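Numbering (this note's numbering), first residue to last: 11 to 338. Idealized CB from N, CA, C, for every residue including glycine. Keep in mind it's a predicted model, so treat the numbers as computed, not measured. This report concerns only the one structure given below.
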Amino acid sequence: MEFTKIKEMRESKRAFKPDKVSKEKIYKILDTARWSPSAANMQPARFLVLDSEESIRRIKPGLAEGNYWALKAPVIIVVFSKPELDYQGNNLKYYTFDSGQAVMSLIYAAVDNGLMAHPMAGFDGNKIKEIFNIPSDMDIIVVIALGYKGDINTLDDETRKKDMKERVRKPLYEIAFLNDLNTPFKITKREPERYFETRVEIRFNDIDLIGHVNNATFLTYFEEARWKFFAEIFGRENITKLNFIIASITIDYETPIFPLDEPIVRMWVSDIGRTSFKFNYQIVSKDGKKVFAKGGSVQVFYDYAENKPIKVPPEFIEKAAPYTEKYI
Ligand SMILES: Cc1cc2nc3c(=O)[nH]c(=O)nc-3n(C[C@H](O)[C@H](O)[C@H](O)COP(=O)(O)O)c2cc1C
Numbered sequence: 011m012e013f014t015k016i017k018e019m020r021e022s023k024r025a026f027k028p029d030k031v032s033k034e035k036i037y038k039i040l041d042t043a044r045w046s047p048s049a050a051n052m053q054p055a056r057f058l059v060l061d062s063e064e065s066i067r068r069i070k071p072g073l074a075e076g077n078y079w080a081l082k083a084p085v086i087i088v089v090f091s092k093p094e095l096d097y098q099g100n101n102l103k104y105y106t107f108d109s110g111q112a113v114m115s116l117i118y119a120a121v122d123n124g125l126m127a128h129p130m131a132g133f134d135g136n137k138i139k140e141i142f143n144i145p146s147d148m149d150i151i152v153v154i155a156l157g158y159k160g161d162i163n164t165l166d167d168e169t170r171k172k173d174m175k176e177r178v179r180k181p182l183y184e185i186a187f188l189n190d191l192n193t194p195f196k197i198t199k200r201e202p203e204r205y206f207e208t209r210v211e212i213r214f215n216d217i218d219l220i221g222h223v224n225n226a227t228f229l230t231y232f233e234e235a236r237w238k239f240f241a242e243i244f245g246r247e248n249i250t251k252l253n254f255i256i257a258s259i260t261i262d263y264e265t266p267i268f269p270l271d272e273p274i275v276r277m278w279v280s281d282i283g284r285t286s287f288k289f290n291y292q293i294v295s296k297d298g299k300k301v302f303a304k305g306g307s308v309q310v311f312y313d314y315a316e317n318k319p320i321k322v323p324p325e326f327i328e329k330a331a332p333y334t335e336k337y338i
């Protein structure tokens, strides 16, 4: 999975499906943690994996009551370490930092494997050590609930409320600075130099029983605009030479399109990565005042003969430049 997608999908929710997680997946996830960096390559983190109903039941007295939802996860991982297992310079004990890095790698690997990993600090370390015979000089750093994301309606009211809270972050300029501490690190998104715009012809069979353009048809409008965009920047005769696959499409419907509307698809490019880029779309009214829908699609350039993604061609970057959103 593309890293940006993993970043977007990672979340700490509390409902898990009862489905088991295969040993192979758990192995892959732990192996990613194993390959995380650590000071002087000391690799201080230790992992106790609980994947049986019995062992998960045993951890209950060691968890804070507010974390009992975690007992329904098919896997719980206890992460522990001690200062002596890591580098101890700079007046810092790196064992918690390096264990944290390993845990972050583990969490992202979980998402990459279709799973959710929820870290918890709400536990009694001494109890957990006692229950599982973990040496007393170890510190329990974090306990992770791991499994497939489940239905929020399976949670009790209080936990459900926690899961419904919007995920928020401080703005970057409050936590990062540029060159000196008086200059917040800020980036403003610049508009592209120009938008690609094309008119959409509403056909008779675009209309559904309710009398407006069928929701699924909006995606064909995006598709049509894409091909027109490529015809414009590369020339009509070259459009079949650009091999890419659509990795994902999102759409927000704002207001219906009726047969007499004369919608326009406005498009621009953003997020050019190593192998992929994003098209942004707006379907707007002729005068540009009404927005019918907004969306985005991620394309991956692909070598069909080799069956693998290829680098975004420099020619694409160059030709799409006027339509590409830039950051300053
Ligand atoms: C070290 C650590 C301890 C946490 N402890 C708990 C916990 O005990 N119970 C809980 O429900 N969530 C816990 N969380 C989850 C955080 O509340 C969550 O990561 C944060 O609200 C951000 O939400 P997000 O992970 O969905 O982005 C913990 C997260 C971390 C990193």
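Which one or two residues does DSSP pair with residue i in a beta bridge?
i	result
HIS128	ALA155
SER280	LYS288
ILE274	ARG209 and VAL294
VAL308	SER258 and LYS288
ILE217	VAL223
PHE187	PRO194
ALA83	Note: ALA83 sits in no beta bridge, so no partner.
TYR104	TYR104 pairs with nothing; no bridge assigned.
SER91	ASP149
ARG56	PHE90
TYR263	ALA303
PHE133	LEU73
What whole-angstrom Cβ distance do residue i and residue j have, given they're in contact under 8 Å?
i	j	result
ALA226	VAL279	ALA226 to VAL279, Cβ: 24 Å. No contact.
PRO181	PHE187	The pair is not a contact, with the Cβ atoms about 13 Å apart (cut-off 8 Å).
LEU229	ILE267	Their Cβ separation, rounded to whole angstroms, is 13 Å, which puts LEU229 and ILE267 out of contact at 8 Å.
THR285	LYS251	With 8 Å as the limit, THR285 and LYS251 do not qualify as a contact, their Cβ atoms being about 17 Å apart.
GLY157	LYS27	6 Å
THR198	ALA119	Contact flag wrong, Cβ pair sits at about 34 Å.
ALA241	MET277	About 13 Å separates the two Cβ atoms, so there is no contact after all.
TYR205	TYR333	7 Å
PRO269	VAL210	Not really, about 12 Å apart at Cβ, beyond 8 Å.
PHE239	GLN309	Not quite, the Cβ-Cβ distance comes to about 11 Å (not below 8 Å), so this is no contact.
MET130	VAL153	5 Å
Under a three-way DSSP split, which group does residue i fall into?
i	result
LEU252	coil
SER258	strand
LYS359	Nothing can be reported for residue 359: it is not among the residues displayed for the chain, which extend from 11 to 338.
LYS321	coil
ILE338	coil
LEU182	helix
SER48	coil
ALA74	coil
LEU341	Because the chain is modelled from 11 through 338, residue 341 falls outside the range shown and cannot be assessed.
ILE150	strand
ASP313	strand
ARG67	helix
VAL31	coil
PHE268	coil
ALA25	coil
TYR97	coil
ASP41	helix
GLY245	coil
ASP61	coil
Report buried or exposed for residue i, applying the criterion of at least 16 other Cβ atoms within 10 angstroms of its Cβ.
i	result
ASP96	buried
TYR231	buried
GLU288	Reading off the sequence, residue 288 comes out as Lys, not Glu. So LYS288 counts as buried.
LYS17	exposed
ASN77	buried
ALA155	buried
MET11	exposed
ASP271	buried
PHE214	exposed
HIS54	A quick correction: the sequence has Pro, not His, at residue 54. Buried, because 16 or more other Cβ atoms sit within 10 Å of the Cβ of PRO54.
GLY305	buried
ILE117	buried
PRO84	buried
ASN123	buried
Leaving out the 5 sequence neighbours to the left and right, which residues in its chain are closer than 7 Å to residue i when beta-carbon positions are compared?
i	result
VAL301	GLU264, GLN292 and VAL294
ILE243	LYS329 and ALA330
ILE151	VAL89, PHE90, SER91, THR106 and SER109
ILE69	LEU60, ILE86, ILE138 and ILE141
TRP237	ILE249
ARG9	Summary: the structure shown does not reach residue 9, with the chain confined to residues 11 through 338, and so no result is reported for it.
ASN317	none
SER146	LYS139
SER46	GLN111, ALA112 and SER115
So, for residue i: in the same chain, excluding its five sequence neighbours on each side, which residues have a beta-carbon less than 8 Å away from its beta-carbon?
i	result
TYR183	PRO194, PHE195 and LYS196
LYS137	PRO71 and GLY72
ILE338	ILE197, THR198 and ARG200
Near residue i, which residues of its chain fall below 6 Å by C-beta distance, leaving aside the five closest residues on each side in sequence?
i	result
ARG20	VAL121
ASP313	ILE320
SER48	ASP108
ASP29	TYR158
SER307	ILE256, ILE259 and PHE289
Is residue i near ligand 2, in the sense that its beta carbon is under 6 Å from a heavy atom of that ligand?
i	result
GLY132	Judged by which ligands are present, ligand 2 is missing from the structure shown, whose ligands are ligand 1.
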